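**Student:**
In our numbering, the protein residues as written are 13 to 58.
1. Taking the alpha-carbon positions, what's the residue 47 to residue 15 distance?
2. For residue 33, name the three-state secondary structure that DSSP assigns.
3. Can you check whether the CB of residue 38 is closer than 8 Å to the CB of residue 50?
4. When the distance is taken between beta carbons, is residue 19 closer than 8 Å to residue 41?
5. In terms of residues, what are the limits of the beta strand (DSSP E) holding residue 51?
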């Protein structure tokens, strides 16, 4: 299983480059069929 650490609410802030990259990666994983889990951490956990 692929584990991806993302950012909480990254889908709501596409104007922030890091958040846009995280959200695009989430979408890629969801569309890829790869067995994965996405963990959305708050900024203090990164």
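Glycine is no exception: its CB is placed at the ideal position from the N, C-alpha and C atoms. Every value quoted in this text rests on a predicted model; they were computed, and no experiment measured them.
**Tutor:** Let's see:
1. Cα to Cα, the separation comes out at about 9 Å.
2. Correct three-state label for residue 33: helix.
3. yes
4. no
5. Here the beta strand (DSSP E) through residue 51 covers 48–53.
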